[in-house]
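Written below as C-alpha cells is the structure these notes are about.
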Amino acid sequence: MSTLRFTLVCAVIGLAVYVCGHLLGIGYLFFAGYTILQFVVLSSAWNILGGYCGYVNFGSAAFFALGAYSTVFFYKFHPLPIPFLIVIGAVVSGIVGLGMGYLTLRLRGAFFAIATLAMAVVLQTLVVNWDYVGGSRGAYIVRADTISIGGYSIEYIEYLFLLMMILAIASIVISRTIARTQLGFGFATIRDDELAAEASGVPTLRLKLIATTISGALMGMAGAPFPYYIGYLQPASAFGLEYGVNSIAMPIIGGTTNWVGPLVGAILLGSLQQIATVTISSAVNLLIVGLLLVAFVVIAPNGVVGLVQDRLRARRSK
Amino acid sequence: MDFPFDLLVNAIVAGLLLGGFYAAVTAGVSISFGMLDIVNIAHPAFIILGSYIAYIINISFGIDPIVVSIVTLPIFYVLGNIIYQVYYVSFEKRGQESLRGLAFFFGLLFVTEVMLILVFGVDYRYVEASYIGPSLHLGNIDFPMRMLVPCISALVVFGLLHLFITRTFTGRAIMAVSQDQLALQLMAADPIRIKRIAFGISIATASIAGALLVIIQPVEPSVGREYIGRVFAICVLGGLGSLPGTLVAAMLLGVMESITSIFYGPSWAPAVAFGFLLLTLAFRPAGLFGR
C-alpha cells in the first residue's frame, strides 16, 4: 500500500472512531481516548529510536514535559492556538533530542540510556526552579468549554481528541514510512551490528541523530496539548515516571520491529490502564504495567506481534 | 561583602561526609556496571528496599539499622544471585542484553518502587538511633553524627570490599572476568558462577547502603530515582570498575553538591549530579583517571 493510501485509510478509521464516540455522546470516552492516542504517539516515537535503532530512551517523560512546558510558557507569554503550540513543542523537543544525541550517541548504548534518565532529572530541576512557568507549585491553564471550527461549535475535549488523533496518525505514518525507506534499513543496520555498519560506510552517527530528533520531536508534539487537557500542570505530573515506563513498555509488549507493535501495545496497555484506574487504583495499574514489561522481555521478547507471527508461521508450515 | 569562609569549610566537610556515603551507594554499581558490564539501573531501588527493611525492623524491635542491614546481607546476596540467573538465561545467553536487558532492569526498578508505595504509602519514613541528632564540634566545624556514622561505616564497607576484590581468590576472579571472560574459562573457572557471586555481592551492598540512607535522610519509595544519576555519574567519573576511583569521584560529587545546596539552595542539588554526569559522558567518558 502506498503511503498516501495508507494515510487516507488511517484518516477514515480515525474519523469513524470520532463519529462513533460523538454519536454515543459519552464525554468520558474522549478523555480516555485522548490518553490512549497520546500513548500511541509516545510509543511510536520511542520505537523509532528504541525499536529501529536499538537505543533505549528512558527520558520520554522529559521530551513530553518539554512540549507541555513550552505550551505553559506561551500561555503565560502570549496564548497561541494549539496547532501552533504543537509545532513549537516539536521544535523544542527535537532540538533538545538532537543536542542530547550529539553529546552521548558516540558512546556505547548503555551510556545513552543513563544520560536520558539524567536529562529528565536535570530538566525537572530547572522547571521546578523556574517561577515563570509555575515552579514547583504548578500552573493553571484555563480553557474554553467549546471551540468553533469552520462555523461548527464542538466541545473542547473533542477538539483535543481530534488533534491527538491527527498526531497519532501522523506518527504511525512517519514510523511506517521510515521502516520502508532507506532510512529504516540504515537504522536496522545500527541495531543489528553498529560496528559492521560503520565499517560498511553507513553514516551511523548521522542516522542516530536523525532518529533522536524525530523521536524527540514527536514526543514534544504529544506533550504540547497536555496542559489544556489536564488544566493544571505541575512538574511531578509532567515528568511522571509513568510516561517513561509506558513509552517503553508499550512497544516492547506490542513488538518493536515494525510500526504495528507500538500501536497494538499502546491500545492494549492504554485501555487496560484506563480500565484498571477506574476499577482498581492508579498505583495498581502501574504495577501491572511494570510486571507485564518484565514478563514480556523475559518470556516473549518479540511482543504480541511476534507471538501472532509465530502462530501464523507454525500454521503455515503444517 | 566578605566571603563566608566558615560556611565554605563546613560545606566541604559536609560534602566529604556525604561523599563517603555515596561511595557505599556506588560500590554495588561499580561491581555490576563497571566490572560485569550489567547495566543495573534498578540498583537504587534495591537500596530503597534495604532502607525499608531497616526501617520496619528498627521501628518494630528497636534494633540499630546498621546491625539490621548486616543481618540481612545474605538475603540480598541470594536475591542478587537469582536476578543474575534470570538475566543470564533470558538475555546474556541470547545476546540481547542491550535493549531488553535494560528494559528488564527498568521494569524491576519500577515494580519495586510501586510495590513499596502499595505497602508503605508515599509518606516519608525515618529510623531512630542514639547517634541521630547530636553533633561533634571541632572549632567552627560541625560533624553531625547522623552523617559521620554512615560515612565511617561506608568507608569500612568500601575498604573491606576493596580488600576482598584485590586479595582473595574469588575477588581476583571477579576482576579477571571483567577483563577477559574467555581466558578465565581456559583457566577452568566458570565465568557464570563468578559473575553470579559478583552480582550477589553487588546487590548485598545495597542492604547496607539502604540502612545508611535511612539514617541520613527520611526515605520514601521514589527517592531512589535521584540516586540513579548520582550513582552512575560517580561510577563513570571514577573510571568504570575502579574502586579507588569511585571513592575519589564520590567525595568530589559530595563536595560539589554540598556547596551548591548551601550557596544556591537545596532544590538545585539533584541537577548537580546529573549535569555532572552529562558533562562527564560528553567530554570524559573514560572517567577522571581514564586514559
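Chains as they are written, first to last, in our numbering: chain A, 1243 to 1560; chain B, 53 to 343.
Ideal Cβ positions, reconstructed from N, Cα and C, are used throughout, including at glycine.
- Contact of F162(B) with chain A by beta-carbon distance below 8 Å involves L1483, V1487, L1528, V1531, G1532, L1535.
- Look at F1429(A): its C-beta is not under 7 Å from any C-beta on chain B.
- Its Cα nearest to that of G86(B), the residue S254(B) stands out among G185(B), S254(B), F128(B).
- A325(B) is positioned such that its CB atom lies closer than 7 Å to that of R282(B).
- Annotation: Y1374(A) is outside any alpha helix (DSSP H) and is labelled neither H nor E by DSSP.
- Within chain B, not a single residue places a beta-carbon under 7 Å from that of A1307(A); the smallest gap is close to 15 Å.
- Taken in chain order, the complete beta strand (DSSP E) segments of 3 residues or longer contained in the region 153 to 211 of chain B are 187 to 190, 193 to 196.
- Just so you know, the alpha carbons of V1369(A) and G1377(A) end up roughly 6 Å apart.
- At the C-beta level, L1409(A) and M1463(A) come within 7 Å of one another.
- Contact of T1346(A) with chain B by beta-carbon distance below 8 Å involves L330, L333, A334.
- Within the region 1287 to 1305 of chain A, contact with chain B at the beta-carbon level (separation under 9 Å) is assigned to G1292, G1293, G1296, Y1297, V1298, F1300.
- When only Cα atoms are considered, P1321(A) and T1245(A) end up about 35 Å apart.
- The three-state secondary structure of V271(B), taken from DSSP, is strand.
- Sorting L1345(A), A1438(A), F1306(A) by C-alpha distance to the C-alpha of N1488(A) places F1306(A) at the top.
- Under the three-pair Cβ rule at 8 Å, the region 157 to 171 of chain B does not count as touching the region 1314 to 1332 of chain A.
- Counting only runs that start and end inside the region 1344 to 1430 of chain A, the beta strand (DSSP E) elements of at least 3 residues fall at 1388 to 1391, 1394 to 1397.
- The CB of R224(B) never comes closer than 8 Å to any CB in chain A; the least such distance is about 25 Å.
- For the C-beta of T1446(A), not a single chain B residue is nearer than 8 Å; the gap to the nearest is close to 15 Å.
- DSSP places H95(B) inside the alpha helix (DSSP H), whose first and last residues are 95 to 113.
- The three-state reading of DSSP puts Y1297(A) in coil, since its state is none of H, G, I, E or B.
- In the three-state DSSP reduction, L292(B) falls in the coil class, being neither helix nor strand.
- The secondary-structure analysis by DSSP pairs Y1474(A) across a beta bridge with Y1382(A).
- The Cβ neighbour count for P1323(A), taken over all protein chains shown within 10 Å, is under 16; the residue is labelled exposed.
- Distance between D58(B) and I280(B), taken at the CA atoms: about 32 Å.
- Contact annotation for E278(B) against chain A: V1363 [CB-CB distance below 8 Å, chain order].
- Of all C-beta pairs linking the region 1342 to 1361 of chain A to the region 1293 to 1303 of chain A, three or more are shorter than 8 Å, placing the two stretches in contact.
- Cβ-Cβ distances below 7 Å link A301(B) to I286, L289, G290, L340 in the same chain, with the five nearest sequence neighbours on each side left out; the list follows chain order.
- It is roughly 42 Å from the alpha-carbon of W1288(A) to the alpha-carbon of F216(B).
- G252(B) places its beta carbon less than 7 Å from that of G132(B).
- Residue N1500(A) holds the alpha-carbon nearest to the alpha-carbon of T1423(A) among S1513(A), I1495(A), N1500(A).
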